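Asker: Below is a structure I'd like to ask you about.
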DNA sequence: ATGAAAGCGCTAACAT
DNA sequence: ATGTTAGCGCTTTCAT
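Protein chains in written order, with my numbering: chain A, 1 to 328; chain B, 1001 to 1328.
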């Protein structure tokens, strides 16, 4: 049998209340008692069950993290930062990949709710405001990551997508390109990037063509397929702005396969600045998100909500940063 | 207040036992009763607490996954497969990155133990057999991933590292290279890869030089630093066999920076076959691990241990596969 | 300073 | 077919 608080109490010759006090380091105890209990705990290799203590109203010290796909380097890099910070604060992470699917999102939200996670960090595109609203009403801490929704009334940590889109496009336009297309995601974040894209085009006096905005789920295959199609149908643009690094990889692969040289015949700007941007060749010019800061900050925000029980309403925006490498 | 089983029982006009029965779908109930309860559960948006039910001896449906670093694409790709399979079986994943540190490993093991995870999947190098043995004695299901330890007596899912090392080296030798060095990890897996490396050298009548085996933690920086050093001190080998894709990326970067052409002046074989191998240029010739199969299998094994309560003693070995691309 | 006891939300005998 | 009740391992209030 697993050793419980009773075993410790018995062996130490005290009551379970006393043991509980030394576990939680509260209440007044004689130093000698505390030590004796500590020793027996050690000797019995006792580990308090968090399930039991969670049942009595304490926290589970578990956070739920929803991402579109943990195997996307952007999210795994982010997850790593979040994990570390959460761990500093004594919390663990349950990670769920939703694949942009409403069903999975619903399912995971419900599951995590049942597992009594202390809070949710949601980095996957919000497909169902309904379920989120519900959680929100139940006063379960939620913070949005990589997206922002004024309606929901919950804090968010994201990058200024408008600015990112604007800068990427502006950079391209300043290099003299006119025919700039955008490969955007279905995610919320892409909406504002598209707006930034249009704005930059306008600033540079370029007319946005109706057929230059493509939307897709942000995986390599989609970037690859679309680029290939464009090349094959002889609709090669001068430049593409891809809304994440994965899509950019697809573009690079299609271009190489079809013998279209980057940056000579095609310029490319990505978004995220993951490991992929640094290891591909030509190295990817991309809009960097401050993953470190965002990851750390998001857990600090949720931690505050959890520990203090207060509702924070801050929507934190970070500045994206253009990293110039070799694809333009 | 959160709605509990009592609320449902009250509203439905039945006892909590009845509600419990419909939740768990057992016991004999009149169809009409079941429906009535189901309806009230729906109406109240009731979600049974897994904490409470775990306390009564049921499972938590949570698995602990220890990896060296979730931001390493090999592990995030693996984690994704594991997550999906676990989810099929109704389980969630707590992911912990240990960074090859004994302290973190200990700490996470203890933490997850306290959180009553149903089982552990351990893909991080085993630094402390002690704590693992302890868990093992407590009959908590453990399965080793990416490593194998006969002493521990727990099941494992791994790739035949000897064979992988042998094939990588053999391939290089067959191309006529004599001066082949190996960049190995500190991880357990590298041990057998080194043995395979030596064996292949011998088979091809090449004498293994004492100074051709380097060990490091498997991150880009280390591959980069070592390769740079080698180039700067004019000790450029004909070929390097890097024990993971990350190290390979470092080698590629150092070579490019120093103007050493791959594959013309330096041949390179990696290990893992992650997304990086496909997106870098020249695309990496590497030893592929069957991530899909391994990930799926490892959760099936642990699931069996958990659900059936049986001790499985199988050590499953997959065959690595040489993927020829452009670095040799 | 320490202990007794109630209760957290649920399950599983055992009664009815 | 349904209900009563005793735990599960812990926290916390209230006595002592």
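In this text, a Cβ means the ideal position worked out from N, Cα and C, and glycines have one as well. In this text, all values refer to a predicted model and were calculated from it rather than measured experimentally.
How many Å lie between residue 141 of chain A and residue 304 of chain A at the Cα?
Answerer: Each residue's alpha carbon lies about 9 Å from the other.
Asker: Report the rounded CA-to-CA distance for residue 1202 of chain B versus residue 1275 of chain B, giving the unit in angstroms.
Answerer: Cα-Cα distance, rounded: 32 Å.
Asker: Going by the DSSP bridge assignment, what does residue 183 of chain A pair with across the sheet?
Answerer: Note: residue 183 of chain A sits in a beta bridge opposite A:214 and A:242.
Asker: What residues from the segment 129-143 of chain A come within 9 Å of chain B, judged by C-beta to C-beta, listed N to C?
Answerer: Within the segment 129-143 of chain A, the qualifying residues are 134 and 138.
Asker: Hey, out of A:242, A:309, A:41 and A:260, whose CA is closest to residue 169 of chain A's CA?
Answerer: For the residues A:242, A:309, A:41 and A:260, the minimum Cα distance to residue 169 of chain A belongs to A:242.
Asker: Does the distance from the CB of residue 1245 of chain B to the CB of residue 1281 of chain B come in under 9 Å?
Answerer: No, these two residues do not count as a Cβ contact at 9 Å.
Asker: How big is the Cα-Cα spacing for residue 111 of chain A and residue 311 of chain A?
Answerer: So the two alpha carbons sit approximately 23 Å from each other.
Asker: Which two residues bound the contiguous beta strand (DSSP E) that contains residue 315 of chain A?
Answerer: That run of the beta strand (DSSP E) goes 315-318.
Asker: Alpha carbon to alpha carbon, what distance is there between residue 91 of chain A and residue 1053 of chain B?
Answerer: Straight-line Cα distance between these residues: approximately 22 Å.
Asker: Rank B:1079, B:1236, B:1064 and B:1200 by C-alpha distance to the C-alpha of residue 70 of chain A and give the top, closest one.
Answerer: Out of B:1079, B:1236, B:1064 and B:1200, B:1079 has the C-alpha closest to the C-alpha of residue 70 of chain A.
Asker: Residue 21 of chain A by DSSP, collapsed to three states: which one?
Answerer: Three-state DSSP puts residue 21 of chain A in a helix.
Asker: Tell me residue 1064 of chain B's beta-bridge partners as DSSP assigns them.
Answerer: In DSSP, residue 1064 of chain B forms a bridge with B:1094 and B:1120.
Asker: Provide the residue span of the beta strand (DSSP E) that contains residue 157 of chain A, from first to last.
Answerer: From DSSP, the beta strand (DSSP E) with residue 157 of chain A extends over 156-159.
Asker: Which residue wins for smallest C-alpha separation from residue 1278 of chain B, given the options B:1041, B:1063, B:1074 and B:1009?
Answerer: Per the Cα distances, B:1074.
Asker: Comparing the CB of residue 1123 of chain B with every heavy atom of the ligand ATP, is any distance shorter than 8 Å?
Answerer: This structure simply doesn't include the ligand ATP, nor any ligand for that matter.
Asker: For residue 1285 of chain B, does the three-state DSSP call read helix, strand or coil?
Answerer: Residue state, collapsed to three classes: strand.
Asker: Measuring straight from C-alpha to C-alpha, what distance separates residue 972 of chain B and residue 1235 of chain B?
Answerer: Since the displayed chain B opens at 1001 and closes at 1328, residue 972 of chain B lies outside it and no answer follows.
Asker: Does the CB of residue 45 of chain A have a neighbour CB from chain B at under 9 Å?
Answerer: Yes, because at least one Cβ of chain B sits closer than 9 Å to the Cβ of residue 45 of chain A.
Asker: Is the beta carbon of residue 135 of chain A less than 9 Å from the beta carbon of residue 109 of chain A?
Answerer: Yes, the pair counts as a contact, with Cβ atoms nearer than the cut-off.
Asker: Whole angstroms are fine: how far does the CA of residue 1216 of chain B sit from the CA of residue 1287 of chain B?
Answerer: Their backbone Cα atoms lie some 19 Å apart in a straight line.
Asker: Run the CB neighbour count on residue 294 of chain A, radius 10 Å, all protein chains shown included, and call it buried at 16 or more, exposed below.
Answerer: Classification for residue 294 of chain A: buried.
Asker: Is the separation between the beta-carbon of residue 1187 of chain B and that of residue 1125 of chain B shorter than 9 Å?
Answerer: Contact flag set, yes.
Asker: Return the residue from the list B:1021, B:1096, B:1088 and B:1084 that minimises the CA-CA distance to residue 87 of chain A.
Answerer: Ranking B:1021, B:1096, B:1088 and B:1084 by Cα distance to residue 87 of chain A puts B:1096 first.
Asker: Report yes or no: do the segment 34-53 of chain A and the segment 2-10 of chain A share at least 3 C-beta pairs separated by less than 8 Å?
Answerer: In short, these stretches touch, since the Cβ pair count reaches three.
Asker: Could you say which of B:1059, B:1058 and B:1020 lies nearest to residue 1041 of chain B if we only look at CA atoms?
Answerer: Considering only alpha carbons, the answer is B:1020.
Asker: When you compare the CB positions of residue 199 of chain A and residue 162 of chain A, do they come within less than 9 Å of one another, or not?
Answerer: For residue 199 of chain A and residue 162 of chain A, yes; Cβs fall inside 9 Å.
Asker: Are the CB atoms of residue 249 of chain A and residue 240 of chain A within a distance shorter than 9 Å?
Answerer: No; because the gap between Cβ atoms is not below 9 Å, this pair is not in contact.
Asker: Which term fits residue 180 of chain A, buried or exposed, when burial requires 16 or more other beta carbons within 10 angstroms of its beta carbon?
Answerer: Buried, by the Cβ-count rule.
Asker: Checking the sheet assignment: what are the DSSP bridge partners for residue 267 of chain A?
Answerer: Residue 267 of chain A is bridged to A:239.
Asker: Does the beta carbon of residue 87 of chain A come closer than 9 Å to any beta carbon on chain B?
Answerer: At least one chain B Cβ lies under 9 Å of residue 87 of chain A.
Asker: Could you work out which residues of chain A lie near residue 1041 of chain B, taking near to mean beta carbons separated by less than 8 Å?
Answerer: Per Cβ cutoff of 8 Å: no residues; residue 1041 of chain B is ~12 Å from chain A at best.
Asker: Can you name, in chain order, every residue of its own chain whose Cβ lies under 6 Å from the Cβ of residue 65 of chain A, other than the five neighbours on each side?
Answerer: The answer, listed in chain order, is 93, 95 and 121.
Asker: Tell me whether residue 1139 of chain B is buried or exposed, calling it buried when 16 or more other Cβ atoms sit within 10 Å of its Cβ.
Answerer: It is exposed - the Cβ of residue 1139 of chain B has fewer than 16 other Cβ atoms within 10 Å.
Asker: Using the beta-carbon of each residue, which ones in chain A are nearer than 8 Å to residue 1073 of chain B?
Answerer: Under the 8 Å cutoff, chain A gives 71, 73, 76 and 275.
Asker: Below 9 Å on C-beta distance, what does residue 62 of chain A contact in chain B?
Answerer: Within chain B, the residues near residue 62 of chain A are 1062, 1094 and 1115.
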